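Here is the structure we will look at, set down as structure tokens.
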Amino acid sequence: MQSEPSIFTRIINKEIPADVVYEDDKCIVIKDINPRARVHLLIIPKKPIATLFDLKPEDKDLMGHMMLLLPQIAQAQNLDGFKTQIHTGESGGQEVFHIHIHLLGN
Ligand code: 5GP
3 MQSEPSIFTR IINKEIPADV VYEDDKCIVI KDINPRARVH LLIIPKKPIA TLFDLKPEDK
63 DLMGHMMLLL PQIAQAQNLD GFKTQIHTGE SGGQEVFHIH IHLLGN
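Per our numbering, residue 3 is the first one in the sequence shown, and the count goes up by one each step.
Laid out in structure tokens, this is it:
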């Protein structure tokens, strides 16, 4: 467990503002604050799992839910294609230790 809430938990808890494009009981989708594509969104689970290394078997449905959301969100953004990235661990370029999927489209 993390000792203090991640920036994404603070966004989920509405303690910090973000541009929210989708939200349900399991996850939130926000615009990246520093976009690297015309559309750059972050799909973030409300459960604060730090990295892919920390996933448990019981997180299977949650991760499947996020994967199924990706094409729906992309279509809602009028994208006919997109890239996804999940940075894992410091050496994997991860900056925020709360799992998130980058959705990038132009
Ligand atoms: P990663 O951990 O996958 O390497 O990158 C974290 C991503 O979160 C970065 O693309 C960064 O721009 C984004 N980010 C960091 N802090 C915030 C924030 O407070 N709000 C938003 N919307 N995005 C953030």
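Glycine included, C-beta positions come from ideal geometry on N, C-alpha and C. Keep in mind that this is a model prediction, so the values were computed, not measured.
heavy atom of the ligand 5GP below 7 Å from residue i C-beta
i           : result
residue 43  : no
residue 58  : no
residue 20  : yes
residue 152 : Since the displayed the chain opens at 3 and closes at 108, residue 152 lies outside it and no answer follows.
residue 67  : no
Through-space distance from residue j to residue i, alpha-carbon basis
i           : j           : result
residue 49  : residue 28  : 7 Å
residue 85  : residue 92  : 21 Å
residue 55  : residue 106 : 23 Å
residue 102 : residue 60  : 17 Å
residue 104 : residue 6   : 23 Å
Practice problem: Could you say if the stretch 43-50 and the stretch 24-32 meet the contact criterion of at least three C-beta pairs nearer than 8 Å? | Solution: yes
Quiz item: Do the stretch 21-29 and the stretch 67-75 make contact, defined as three or more Cβ pairs closer than 8 Å?
Solution: yes
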